[in-house]
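A.B. asks:
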Amino acid sequence: MAQYSAELDGVFVALADPTRRGVIRRLGRGPTSVGDLAREFPMTLPSFMKHVRTLEANGLIRTVKSGRVRTCVLNRDRLSLVEDWLAEQRRIWEERTDRLERLVTDPEET
Numbered sequence: 004m005a006q007y008s009a010e011l012d013g014v015f016v017a018l019a020d021p022t023r024r025g026v027i028r029r030l031g032r033g034p035t036s037v038g039d040l041a042r043e044f045p046m047t048l049p050s051f052m053k054h055v056r057t058l059e060a061n062g063l064i065r066t067v068k069s070g071r072v073r074t075c076v077l078n079r080d081r082l083s084l085v086e087d088w089l090a091e092q093r094r095i096w097e098e099r100t101d102r103l104e105r106l107v108t109d110p111e112e113t
C-alpha cells in the first residue's frame, strides 16, 4: 500500500472538498465545459478554476482546450485507486470482525 500512498493522499485531499466532489459527480454524467460547470457553483470563475486545477493535478479529471472552450472529462480510472484502497480496508476489517465473531461464539478457540 505504501507504493501508492502519496497518490492516494492527493486523491483524498482533492475529494475532501464538497465543490470538487460536486464537479466529480457532475462529470460522471459526461464531459462539460469549465464555464458550464462553474455556473453550477456559487463562486467566481478564478476561485472555481483552483478547484479544477486541484482535480486535474491529482489525476481525477483532465481538461482539453478547443478554441476558446476548455472541456473537463472525468478520469474514471483514477477513482479505482480509491476503490482498491477501500476494498483492502474492507477485507482487513471483515477479517477482524470474523475473528471477533469466532472468539465470541466459540470460547474454546482462545
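Quick note: the sequence shown uses the working numbering, first residue 4, plus one each step. For glycine and all other residues, C-beta sits at the position ideal for the given N, C-alpha and C. Quick caveat: nothing in here was measured; it's all calculated off a predicted structure.
(1) Is it buried or exposed, residue 17, if we count other Cβ atoms within 10 angstroms and call 16 or more buried?
(2) Quick one: what does DSSP say residue 56 is sitting in, helix, strand or coil?
(3) For residue 95 and residue 87, what's the separation of their Cα atoms in angstroms?
(4) Mind checking who residue 73 pairs with in its DSSP beta bridge?
(5) Taking one C-beta from the region 6 to 15 and one from the region 67 to 79 each time, how about it: are there three or more such pairs within less than 8 Å?
(6) Distance, Cα to Cα, residue 33 vs residue 39?
(7) Counting C-beta neighbours from all protein chains within 10 Å, is the total for residue 30 16 or more, i.e. buried, or is it exposed?
(8) Could you tell me the distance, in whole angstroms, from the CA atom of residue 46 to the CA atom of residue 53?
(9) I need the DSSP call for residue 47, collapsed to helix, strand or coil.
(10) What residue range does the alpha helix (DSSP H) around residue 34 cover?
(11) Shorter than 7 Å from the beta carbon of residue 108 to some beta carbon of chain D?
C.D. replies: Judging by the given coordinates:
(1) Position 14 of the sequence shown, counted from the start, is the residue given in the question as residue 17. Buried, by the Cβ-count rule.
(2) Residue mapping note: residue 56 aligns to position 53 of the sequence shown, counting from 1. Residue state, collapsed to three classes: helix.
(3) For this step, residue 95 is matched to residue 92 along the sequence shown. For this step, residue 87 is matched to residue 84 along the sequence shown. Approximately 12 Å between the Cα atoms of the pair.
(4) Counted from its first residue, the sequence shown places residue 73 at position 70. Residue 73 is bridged to 68.
(5) no
(6) Numbered from its first residue, the sequence shown carries residue 33 at position 30. Numbered from its first residue, the sequence shown carries residue 39 at position 36. Computed Cα separation, rounded: 12 Å.
(7) Your numbering for residue 30 matches position 27 in the sequence shown. It counts as buried.
(8) Reading the sequence shown from its first residue, position 43 is the one you call residue 46. Reading the sequence shown from its first residue, position 50 is the one you call residue 53. Distance between the alpha carbons of residue 46 and residue 53 is about 11 Å.
(9) Numbered from its first residue, the sequence shown carries residue 47 at position 44. Residue 47 falls in the coil class under three-state DSSP.
(10) Counting from 1 along the sequence shown, the entry for residue 34 is found at position 31. Segment: none, residue 34 is in no alpha helix (DSSP H) and carries neither H nor E.
(11) Absence of chain D from the displayed structure is noted, only one protein chain being present.
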